[in-house]
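Report on the structure given below.
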Amino acid sequence: MDLDNIKALAFDVGGSVFDWQTAVINKVGALSATHSCELDPHAFAHRWRGRMFAVLAEVRAGKRERMNADEIHRYLLDEVCNDYKLPLSAGEKDELTHVWHQLGVWPDFPEALTRLRTRYKVVILSVLSFSILVDSSKHAGISWDGLISCEFLSHYKPEPEAYQQGAQLLGLSAAD
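No gaps in the numbering here: position 11 of the sequence shown is 52 in our numbering, and each next residue is one more.
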């Protein structure tokens with residue numbers, strides 16, 4: 042591959058850049074302790090995230106009304122809390138859902154991002170909501186050349202059209 046032909050880098054940030062696990066697991070652990078509820082915060086967090094992708098697949102297939110990641114996360118929290126017998130109030134569920142807006146990044150990423158931006162357009166292309174992307178980027182103190190949330194596209198990843206639309210937004214053709 043000729044690296045001189047690469048014009049842009051688009052990152053899917055959930056897990057590869059943003060450390061969603063630490064933020065979500067810590068918040069679930071704190072809330073379960075507040076309610077004296079014994080549960081595995083890691084299992085809870087992974088169930089919640091896994092269900093998010095299952096619902097997103099239903100949205101992509103037209104089986105559910107279009108929702109963004111914030112709406113899906115909040116929608117699923119009733120189910121996951123019930124599964125784990127975690128008795129959260131509506132306000133606590135909203136607070137837990139908001140943790141997705143406070144994700145940190147892996148320690149070596151900010152420096153790498155700065156270096157990459159000197160040569161390429163570097164953007165996010167994610168199924169996460171625009172709000173999550175902006176808030177978590179600010180929380181982590183990092184800047185991108187752009188943020189593309191699939192909530193603004195007519196397709197969600199991993200559909201090829203989502204990547205094609207992202208490239209078009211960057212002024213690139215499929216050949217680029």
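Where is the CB? At the ideal position from N, CA and C, for every residue including glycine.
K68 is bridged by DSSP to nothing; it lacks a bridge partner. Per DSSP, the continuous beta strand (DSSP E) segment holding A49 begins and ends at A49 to F52. For K134, the three-state secondary structure derived from DSSP is helix. With 16 or more other Cβ atoms from the protein chains shown falling within 10 Å of its own Cβ, W141 counts as buried. Distance from L166 to G212 at the Cβ level is roughly 14 angstroms; contact not present, criterion being Cβ atoms closer than 8 angstroms. Annotation for H114: W89, M93, T138 and W141 place their beta carbon closer than 8 angstroms to its own, counting only its chain and skipping 5 residues before and after.
The continuous alpha helix (DSSP H) containing V121 extends over residues A110 to D124. The C-beta distance from W185 to V163 rounds to 6 angstroms, short enough to meet the 8 angstroms contact threshold. Listed in chain order, the non-local C-beta contacts of V96 below 6 angstroms within the same chain comprise I113, local neighbours out to five positions each way being set aside.
Taking K134 as the centre and dropping the five residues before and after it, the same chain places the C-beta of L118 closer than 6 angstroms to its C-beta, in chain order. When I47, A64 and V58 are compared, the shortest CA-CA separation from A153 is found for V58. Contact annotation: E192 and S177 have beta-carbon atoms that are not nearer than 7 angstroms. CA-CA distance, L72 to L129, rounds to 8 angstroms.
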